[in-house]
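Asker: In short: position in the sequence shown from 1, add 2, done, that's this note's numbering.
Even for Gly, the Cβ is constructed at its ideal location relative to N, Cα and C.
The structure displayed is predicted, hence computed values, not measured ones.
First the structure, then my questions, so here it is.
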Amino acid sequence: MALFISIFAAFATGGGIVAGQYLGDRDGKNANKAVNQLAKFTLIFSIVITVFIFAIKPLILNHLFGSITPAVHAQANRYFNIVALSTPFIAMYNCGAAIFRTLNKSRLPMNIMLVMNGLNILMGISLIYGFGWGVEGVAVPILLSRVGAMVLVLWFAHHLTSELTLGNFLREKVDWQMIKKVLGIGLPFGFENGMFFLGRLIVLSIVSLFGTAAIAANSVGGTIIMFQALPGISIVLGLAVIISKCVGAGDYEQAEYYKLKVSRIIHLANGAISLLIIAAMPLLMKIYDLSAQATHYVWIIVLAHGILVSIFWNSGYVLPVVFRSAGDANFPMVVSTLSMLLARVVFAYIFSVTLGMGMLGTWSAMFLDWFIKGIIYEIRYRKGTWKNYKLV
3 MALFISIFAA FATGGGIVAG QYLGDRDGKN ANKAVNQLAK FTLIFSIVIT
53 VFIFAIKPLI LNHLFGSITP AVHAQANRYF NIVALSTPFI AMYNCGAAIF
103 RTLNKSRLPM NIMLVMNGLN ILMGISLIYG FGWGVEGVAV PILLSRVGAM
153 VLVLWFAHHL TSELTLGNFL REKVDWQMIK KVLGIGLPFG FENGMFFLGR
203 LIVLSIVSLF GTAAIAANSV GGTIIMFQAL PGISIVLGLA VIISKCVGAG
253 DYEQAEYYKL KVSRIIHLAN GAISLLIIAA MPLLMKIYDL SAQATHYVWI
303 IVLAHGILVS IFWNSGYVLP VVFRSAGDAN FPMVVSTLSM LLARVVFAYI
353 FSVTLGMGML GTWSAMFLDW FIKGIIYEIR YRKGTWKNYK LV
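This is the structure we're talking about:
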């Protein structure tokens, strides 16, 4: 499910970038057309994907997770049926959220999701502990919260926006040229996200070779380090809006200025949050209560990631956002995919198994992936090739 959600988020990003370039070019009519075509395509495609998910359900439940007991299979089936129905709703929420990000009003979709996630938790607690529901007590609140998030964000997009307004997009005639522009960004980005999930699964299979302590440390370490990169991940969403508008206006000097300014902010923010998390590690390790070996691994992961995310993360993850926002989406897709397969996957095996580094070898391969991508992206950025892909 996370894979499909990331693909819809990529499509929403593509629509936001196209609309942003039109707004930068002071073409409000086509900017509105872009978001309405995005909404229509997203709705239709998400329904198709939902049907596809149900079609491959036997493959997922019977083969992907190996042998599971009949009781677990029955519960997984009930959970799957309910949560899969939420696919069109979360897809349309992402579409609406992209509109507000393009208008520099990202606080509204954030507040909507915070409220819905809060209701999700409260409903889950009530249904499980109050009414004695089983797995449905987890799945139903997820479905209802996603429905609520979609309804709210689309209502606000229809009533409370001026520059970009979501109209009756279902009645609009399909504009294939506009959809082609949106997918020109969304498809490469979606493919990139899909390959990332594939690579992640392969790396997890390598980690599983090294026993319970390695698996636990990889899981806990992976959870903690997400917070170290969270400032950068959040800030680049805003950078995409800024760059797309600068490119739409043909002002590449401003685009470079904001890229530099935002990069400095991300360096400082990632470094600051990493220091806070490292300072909190003794407490976090007490909460997780891992074995001594697993705890040792987690410390190494968090320390190494905290240092390197403050140094190398920008080149590998900020510059692709600049390229995509300028219309240059294929290059980061190719580089990211090849680097992930050759560096993160192949070298994960070489470092971990061949060189005997164990589970930590997979993390070394990830840092190598950052370094390689960063060098390639820096070269392209300095050459200015990305300035030749304006969409409008």
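(1) Leaving aside the five residues before and after Pro90 along the sequence, list all residues of the same chain whose C-beta is less than 7 Å from its C-beta, in chain order.
(2) Among Gln23, Asn83, Lys183, Ser236, which residue has its Cα nearest to the Cα of Asn332?
(3) According to the Cβ coordinates, are Gly250 and Gly16 closer than 8 Å?
(4) Indicate whether Val453 and Gln23 have their beta-carbon atoms separated by less than 8 Å.
(5) What distance in whole Å lies between the Cβ atoms of Val85 and Ile144, which are believed to be in contact at a cut-off of 8 Å?
(6) Report back the beta-carbon spacing between Ile123 and Val37 to the nearest angstrom; my notes put them in contact at under 8 Å.
(7) Following the continuous alpha helix (DSSP H) through Arg202, name the residue where it begins and the one where it ends.
(8) Helix, strand or coil for Tyr409, going by three-state DSSP, please let me know.
(9) Which residue from Met115, Ala99, Met342 puts its Cα closest to that of Leu239?
(10) Leaving out five residues on either side along the sequence, give the residues of the same chain with a beta carbon under 7 Å from the beta carbon of Ser272.
(11) Rounded to a whole number of angstroms, what is the C-alpha to C-alpha distance between His269 and Val324?
(12) Quick check on Gly120: buried or exposed, where buried means 16 or more other Cβ atoms within 10 Å of its Cβ?
(13) Could you tell me the boundaries of the alpha helix (DSSP H) in which Asn316 lies?
(14) Got a sec, what are the start and stop residues for the alpha helix (DSSP H) Val74 sits in?
(15) Helix, strand or coil for Phe133, going by three-state DSSP, please let me know.
(16) Excluding the five sequence neighbours on either side, which residues of its own chain have a C-beta within less than 6 Å of the C-beta of Lys261, listed in chain order?
(17) From the DSSP output, in three-state form, read off Met335 for me.
(18) Got a sec, what are the start and stop residues for the alpha helix (DSSP H) Ile275 sits in?
(19) Are Ala367 and Tyr299 close, meaning C-beta to C-beta below 8 Å?
(20) Apply the 10 Å Cβ neighbour rule to Gly363 and answer buried if 16 or more other Cβ atoms are within range, or exposed otherwise.
(21) If I measure Cβ to Cβ from Ile204 and keep anything under 7 Å in the same chain, skipping five residues before and after, which residues do I get?
(22) Identify every run of the alpha helix (DSSP H) within the segment 353-393, keeping only runs that are complete inside it and at least 4 residues long; order them along the chain.
(23) Please state whether DSSP places Leu162 in a helix, a strand or coil.
(24) So the alpha helix (DSSP H) Met118 belongs to, where does it begin and stop?
(25) Following the continuous alpha helix (DSSP H) through Ile226, name the residue where it begins and the one where it ends.
(26) Within 10 angstroms of its Cβ, does Leu403 collect 16 or more other Cβ (buried), or is it exposed?
(27) Does the beta-carbon distance from Ser276 to Gly318 come in below 8 Å?
(28) Less than 8 Å between the CB atoms is what I'm expecting for Ala257 and Arg326, so what's the real figure, rounded?
(29) If I measure Cβ to Cβ from Phe56 and keep anything under 7 Å in the same chain, skipping five residues before and after, which residues do I get?
(30) How big is the Cα-Cα spacing for Ala21 and Ala159?
(31) Tell me whether Ala281 is buried or exposed, calling it buried when 16 or more other Cβ atoms sit within 10 Å of its Cβ.
(32) In the DSSP assignment, the alpha helix (DSSP H) including Thr44 goes from what residue to what residue?
(33) If we ignore side chains and look at the alpha-carbon of each, how far apart do Ser338 and Gly329 end up?
(34) Which residue wins for smallest C-alpha separation from Lys389, given the options Leu285, Cys248, Leu278, Phe373?
Answerer: Here's the rundown:
(1) Here residue 90 refers to the residue found at position 88 when the sequence shown is read from its first residue. Taken in chain order, the residues that qualify are Leu45, Ser48, Ile49, Thr52.
(2) Locating residue 332 in the sequence shown gives position 330, counting from the first residue. Ranking Gln23, Asn83, Lys183, Ser236 by Cα distance to Asn332 puts Lys183 first.
(3) Walking along the sequence shown from the start, residue 250 turns up at place 248. Walking along the sequence shown from the start, residue 16 turns up at place 14. Contact: no.
(4) For residue 453 there is no data in the structure shown, the boundaries of the chain being 3 and 394.
(5) Sequence index remark: in the sequence shown, residue 144 carries index 142 (1-based). Sequence index remark: in the sequence shown, residue 85 carries index 83 (1-based). Indeed they touch by this definition, with Cβ atoms about 6 Å apart.
(6) Position 121 of the sequence shown holds residue 123. Position 35 of the sequence shown holds residue 37. Incorrect: roughly 31 Å between the Cβ atoms, too far for contact.
(7) One-based indexing of the sequence shown puts residue 202 at position 200. It spans 178-209 - the alpha helix (DSSP H) in which Arg202 sits, taken as one unbroken run.
(8) The structure shown does not extend to residue 409, since the chain is modelled only from 3 to 394, so the question has no answer here.
(9) Residue mapping note: residue 239 aligns to position 237 of the sequence shown, counting from 1. Sorting Met115, Ala99, Met342 by C-alpha distance to the C-alpha of Leu239 places Ala99 at the top.
(10) Your numbering for residue 272 matches position 270 in the sequence shown. Looking at the sequence shown, residue 272 is not Ser but Asn. When the five nearest sequence neighbours on each side are left out, the beta carbons in the same chain lying within less than 7 Å of the beta carbon of Asn272 are those of Gln230, Ala231, Pro233, Gly234, Val311, Ser312, Trp315, in order along the chain.
(11) Taking the sequence shown and counting its residues from 1, one reaches residue 269 at position 267. Taking the sequence shown and counting its residues from 1, one reaches residue 324 at position 322. For His269 and Val324, the distance between alpha carbons rounds to 16 Å.
(12) Along the sequence shown, read from residue 1 onward, the residue named residue 120 stands at position 118. Gly120 counts as exposed, since fewer than 16 other beta carbons sit within 10 angstroms of its beta carbon.
(13) Reading the sequence shown from its first residue, position 314 is the one you call residue 316. Boundaries of the alpha helix (DSSP H) harbouring Asn316: 315-327, taken from the DSSP string.
(14) Here the question's residue 74 lines up with position 72 in the sequence shown. It spans 72-86 - the alpha helix (DSSP H) in which Val74 sits, taken as one unbroken run.
(15) Here the question's residue 133 lines up with position 131 in the sequence shown. Reduced to three states, the DSSP call for Phe133 is coil.
(16) Residue mapping note: residue 261 aligns to position 259 of the sequence shown, counting from 1. Excluding positions up to five away in sequence, the list reads Val324.
(17) Here the question's residue 335 lines up with position 333 in the sequence shown. Residue state for Met335 is assigned as helix, using DSSP reduced to three classes.
(18) Taking the first residue of the sequence shown as 1, we reach residue 275 at position 273. Taken as a continuous stretch (DSSP letters only), the alpha helix (DSSP H) holding Ile275 covers 254-281.
(19) Taking the sequence shown and counting its residues from 1, one reaches residue 367 at position 365. Taking the sequence shown and counting its residues from 1, one reaches residue 299 at position 297. The criterion of a C-beta distance shorter than 8 Å is not satisfied by Ala367 and Tyr299.
(20) Mapped onto the sequence shown, residue 363 falls at position 361. So Gly363 ends up on the buried side.
(21) Translated into positions along the sequence shown, residue 204 becomes position 202. A distance below 7 Å between beta-carbons, with the five flanking residues on each side excluded, links Ile204 to the following residues of its chain, in chain order: Val347.
(22) The qualifying runs are 362-385.
(23) Along the sequence shown, read from residue 1 onward, the residue named residue 162 stands at position 160. Three-state DSSP puts Leu162 in coil, outside helix and strand.
(24) Locating residue 118 in the sequence shown gives position 116, where the first residue counts as 1. Start and end: 109-127.
(25) The residue you call residue 226 lines up with position 224 of the sequence shown. Start and end: 213-250.
(26) Because the chain spans 3 through 394 in this model, residue 403 falls outside it and cannot be assessed.
(27) For the purposes of this step, residue 276 is taken as residue 274 along the sequence shown, with counting starting at 1. For the purposes of this step, residue 318 is taken as residue 316 along the sequence shown, with counting starting at 1. Cβ atoms of Ser276 and Gly318: not closer than 8 Å.
(28) Counting from one through the sequence shown, the residue named residue 257 turns up at place 255. Counting from one through the sequence shown, the residue named residue 326 turns up at place 324. Incorrect: roughly 13 Å between the Cβ atoms, too far for contact.
(29) The residue given as residue 56 occupies position 54 in the sequence shown. Only Ala86 meet the Cβ criterion.
(30) For this step, residue 21 is matched to residue 19 along the sequence shown. For this step, residue 159 is matched to residue 157 along the sequence shown. Approximately 14 Å between the Cα atoms of the pair.
(31) On the sequence shown, residue 281 is found 279 positions in, with the first residue counted as 1. Note on Ala281: under 16 other CB atoms within 10 angstroms of its CB, so exposed under the neighbour-count rule.
(32) Position 42 of the sequence shown holds residue 44. Going by DSSP, Thr44 is part of the alpha helix (DSSP H) stretching over 30-57.
(33) Against the sequence shown, residue 338 aligns to sequence position 336. Against the sequence shown, residue 329 aligns to sequence position 327. Distance between the alpha carbons of Ser338 and Gly329 is about 16 Å.
(34) Numbered from its first residue, the sequence shown carries residue 389 at position 387. The candidate whose alpha carbon is nearest that of Lys389 is Cys248.
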